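According to numbering that gives the first Met the number 0, the sequence shown is numbered sequentially starting from 0. These notes are about the structure you will find just below.
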Amino acid sequence: MQVAKGSLARYFLRALEQQAEGTPEPENIPNDDPLHINLEHVLPQNPKSGEWDAFDAEQRALFTGRLGNLAILKRTPNSDIENLPFDEKKPVYEQSGYLLTKALARVPKWTPDAVTDRQKDLAKLAKKTWPIAL
Numbered sequence: 000m001q002v003a004k005g006s007l008a009r010y011f012l013r014a015l016e017q018q019a020e021g022t023p024e025p026e027n028i029p030n031d032d033p034l035h036i037n038l039e040h041v042l043p044q045n046p047k048s049g050e051w052d053a054f055d056a057e058q059r060a061l062f063t064g065r066l067g068n069l070a071i072l073k074r075t076p077n078s079d080i081e082n083l084p085f086d087e088k089k090p091v092y093e094q095s096g097y098l099l100t101k102a103l104a105r106v107p108k109w110t111p112d113a114v115t116d117r118q119k120d121l122a123k124l125a126k127k128t129w130p131i132a133l
C-alpha cells in the first residue's frame with residue numbers, strides 16, 4: 000500500500016502502534032503533531048548515490064512511499080538520520096519508544112523483501128486494528 004499523504008501515514012502507524020502495544024485503552028497515545036513526531040522513510044526519499052544499492056531506481060520509486068517503509072520517530076532523531084545508510088539508522092530505531100519503529104533495528108538488511116515482509120506484518124496488524132464484520 001502506497002501512502003501519498005504523510006498525515007494519513009502517521010495516522011495508520013499511530014493506530015497500528017496502539018494495536019501492537021496491546022492496550023485497549025492506551026494511556027500514552029503517539030503524538031500526531033508533525034513538529035514533534037515525523038514520518039521516517041527507512042529507504043530515504045532522496046538516497047545518497049551508492050548507499051542504498053539493494054534498490055534500483057524503479058524499486059526506489061515503488062517502495063519509498065509504502066507503509067512498510069515508513070515509521071514514526073521523534074523529530075530530532077529523524078532529522079539526525081535523514082539519508083543515512085540503514086545500518087547507521089538502526090541504533091536510532093533501537094532507542095525509539097515505538098514498538099514498530101524499534102522492531103526495525105532487528106532487521107538484518109533493508110531490501111525490497113524486507114519492506115514487503117514488514118508490509119505483510121503491518122497488514123496482519125491492520126486486520127486486528129480495524130476489524131470488519133461481515
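Idealized CB from N, CA, C, for every residue including glycine. All values reported here derive from a predicted model rather than from experimental measurement.
Rounded straight-line distance, which links the Cα of residue j to that of residue i
i: Val91; j: Pro130; result: 32 Å
i: Asp52; j: Lys73; result: 27 Å
i: Leu83; j: Ala14; result: 27 Å
i: Asp120; j: Gln18; result: 12 Å
i: Glu16; j: Ala122; result: 12 Å
i: Asp55; j: Ser48; result: 11 Å
i: Val114; j: Gly96; result: 21 Å
i: Thr100; j: Glu57; result: 25 Å
i: Asp86; j: Pro111; result: 16 Å
i: Gly21; j: Thr128; result: 10 Å
i: Pro46; j: Leu124; result: 29 Å
i: Gln94; j: Leu103; result: 11 Å
i: Thr75; j: Lys126; result: 32 Å
i: Asp79; j: Ile71; result: 14 Å
Residue burial classification, residue i (beta-carbon count within 10 angstroms, cutoff 16)
i: Arg105; result: exposed
i: Asn77; result: buried
i: Arg89; result: Here the sequence assigns Lys to residue 89, which means Arg is not the residue at that position. Looking at its Cβ environment, which holds 16 or more other Cβ atoms inside 10 Å, Lys89 is buried.
i: Glu26; result: With a pLDDT of only 47 at Glu26, under the threshold of 50, the placement of this residue in the model should not be trusted; the figure read from the coordinates follows. Exposed, by the Cβ-count rule.
8 Å CB neighbourhood of residue i in its chain, flanking five on each side removed
i: Val2; result: Ala8, Phe11, Gly64, Arg65, Leu66 and Leu69
i: Gln44; result: Thr63
i: Asp116; result: Gly67
Residues bridged to residue i [DSSP beta-bridge criterion]
i: Leu38; result: Ile71
i: Gln58; result: Beta-bridge pairing links Gln58 to no other residue.
i: Gln1; result: Arg65
Own chain residues within Cβ distance below 6 Å of residue i, not counting five before or after
i: Val41; result: Asn68 and Trp109
### Query
Fully enclosed by the stretch 61-104, which beta strand (DSSP E) runs are 3 residues long or longer?
69-73
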